[in-house]
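A.B. asks: Numbering (my numbering), first residue to last: 1164 to 1302.
Note that CB positions come from ideal geometry on N, CA and C, so glycine has one too.
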Amino acid sequence: LIVNTIVGIKIEECKNTNIKWDVRLDLPETFQSIENIDLNCLFINLLNNAIEACSKVNEDNKFIKIRATTKSNHLIIKIENSFKEIAFNSNGKLITTKENKANHGVGMILIENIAKKYNGFYETKTNENIFKCIVTIPY
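Structure, rendered in structure tokens:
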């Protein structure tokens, strides 16, 4: 799986920026009904968002935890990370906190679109300074 390579690269990025990481991937070699490009896009965007959120957090509190597995013919990706600031629009959707909003904030839209493409869903939760995103896709 290319996902393993993507996660490996992102782990190195975490090491270089002092982000504690905890990764457990238990995935099959292929998913017949989920295109590789979509799977890769999910992991890239989830990890990029988590790393960026951690970059704004105190040195001692930076962490990313990833779990990806299959259960009852569903791919389940769970990611938790520390964050300092987060913003939602009036519909409860995450929005970018960057100044140049026109060129940012597409990562979560891509995640949502990929989940919907496969009749899946994603949900986000915050608890104090921990952000959680769960993506569930049937396969």
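May I ask you to verify whether the segment 1279-1287 touches the segment 1215-1232, counting CB pairs closer than 8 angstroms and requiring at least 3?
C.D. replies: No contact exists between the segment 1279-1287 and the segment 1215-1232.
A.B. asks: In chain order, what residues of the same chain have a beta carbon less than 8 angstroms from the beta carbon of F1194, not counting five sequence neighbours either side?
C.D. replies: L1202, L1238, Y1302.
A.B. asks: Determine the direct distance from the alpha carbon of I1249 to that of N1236, and round the result to whole angstroms.
C.D. replies: The straight-line gap from Cα to Cα measures roughly 33 angstroms.
A.B. asks: Thinking just about the alpha-carbon of each residue, which of D1223, L1188, L1205 is nearest to the one in K1279?
C.D. replies: Nearest of D1223, L1188, L1205 to K1279, Cα basis: L1205.
A.B. asks: If you follow the alpha helix (DSSP H) that L1273 is in, where does it begin and where does it stop?
C.D. replies: Run containing L1273: 1270-1280, per the alpha helix (DSSP H) assignment.
A.B. asks: Looking only at DSSP bridge pairs, what is E1243 linked to?
C.D. replies: K1228, K1295, per the DSSP bridge assignment.
A.B. asks: Just checking: is the beta-carbon of I1172 within a distance shorter than 8 angstroms of some beta-carbon in chain C?
C.D. replies: The structure shown has no chain C; it contains just one protein chain.
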